[in-house]
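Count the sequence shown with our numbering and you get residues -3 to 204, in order. Cβ atoms here follow ideal geometry from the backbone N, Cα and C, with glycine treated the same way. Source: prediction; values computed, not measured. What follows is a single structure, written as structure tokens, with notes after it.
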Amino acid sequence: MADQPAYGSRPRFYGPQGLSRTQASLRASDADREQLVDVLKGAFAEGRLSQDEYTERMERAYTAKTYGELALLSTDLPAQMPPSYPAYRSPGTNSLAVASLVFGVAEFFTAGLTAIPAVVLGHKARRQIRMTGEQGSGMATAGLILGWTAIGLFALLVAVAVLAAVALNAHGGPASSGLNVNGGTNAQLLPIYTPTGSNGVLGHFHHR
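See below:
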């Protein structure tokens, strides 16, 4: 199909002239979307787009269907990077990944109170890193491991405490204390023999 005239030379969706109205309704390919993403990455690296703007536009770029939808995402950006700037500069370390690792390490000093923030920030950091290409994937993973480990240990301690309480109640009832339900002791009744009394009547047994 690449040798057919219809596919021989397709204009790029961005450029000095942009897209014409007749081209805006044409279906975009994955390669076209990747071209726009490269432009957005370069604009983000140069500070032309904020973090939120870059994330939003990149999500829209990957879901765009036509050239017109792609063109709307780059109308306020230069078609080519200025000569004095590199075409693309790798972003730095993700701040949420750093925070996740810090909260994970802080568990040892806070008795695990920072485990949940470490897990939440770690998941958010990994999602942002996949979208922005920032560094810090290892730190986010370490924060997740530390956070989930602390949460698992806490859940295990709670389960052991509950089982111990149930076992203690099951073996600590009133019958094992040596007292009857009326509060007296479970003493054994022994027969007592009384010798012959002064009136000559034979002695008899009675219970004490």
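(message) the ligand GTP and residue 53: does the residue's C-beta get closer than 7 Å to at least one heavy atom of that ligand?
(response) No copy of the ligand GTP appears in this structure; indeed no ligand is present at all.
(request) List the residues that DSSP assigns as beta-bridge partners of residue 89. (result) On the sequence shown, residue 89 is found 93 positions in, with the first residue counted as 1. DSSP lists 131 as partners of residue 89.
(request) Please say whether residue 90 and residue 65 have beta carbons closer to each other than 8 Å? (result) Mapped onto the sequence shown, residue 65 falls at position 69. Mapped onto the sequence shown, residue 90 falls at position 94. One thing to note: residue 65 has its Cβ no nearer than 8 Å to the Cβ of residue 90.
(request) Output yes or no for whether 8 Å exceeds the beta carbon distance between residue 142 and residue 116. (result) Along the sequence shown, read from residue 1 onward, the residue named residue 142 stands at position 146. Along the sequence shown, read from residue 1 onward, the residue named residue 116 stands at position 120. Here residue 142 is not near residue 116, since their CB atoms are 8 Å or more apart.
(request) Could you check which residue in 109, 110 and 46 has the C-alpha nearest to that of residue 128? (result) What you label residue 128 is simply residue 132 of the sequence shown in a count that begins at 1. It is 46 whose Cα lies nearest to the Cα of residue 128.
(request) Just confirm the distance between the C-beta atoms of residue 61 and residue 24, as a whole number of angstroms; I'd bet it's less than 8 Å. (result) Working through the sequence shown from its first residue, we reach residue 61 at position 65. Working through the sequence shown from its first residue, we reach residue 24 at position 28. The C-beta distance from residue 61 to residue 24 rounds to 7 Å, short enough to meet the 8 Å contact threshold.
(message) Given a cut-off of 8 Å on the beta-carbon distance, is the pair residue 205 and residue 96 in contact?
(response) There is simply no residue 205 to check, as the chain begins at -3 and stops at 204 in what is shown.
(message) One question on the structure: do residue 93 and residue 121 come within less than 8 Å of each other, judged by their Cβ atoms?
(response) What you label residue 93 is simply residue 97 of the sequence shown in a count that begins at 1. What you label residue 121 is simply residue 125 of the sequence shown in a count that begins at 1. In this structure, residue 93 lies near residue 121, with their beta-carbon atoms less than 8 Å apart.
(request) Classify residue 23 as helix, strand or coil using the three-state DSSP reduction. (result) In the sequence shown, residue 23 corresponds to position 27, counting from 1. It is a strand residue.
(request) Go through its chain and collect everything with a Cβ distance to residue 113's Cβ below 6 Å, but skip five positions before and after it. (result) For this step, residue 113 is matched to residue 117 along the sequence shown. Once the five neighbours on either side are set aside, the close Cβ partners of residue 113 are 99.
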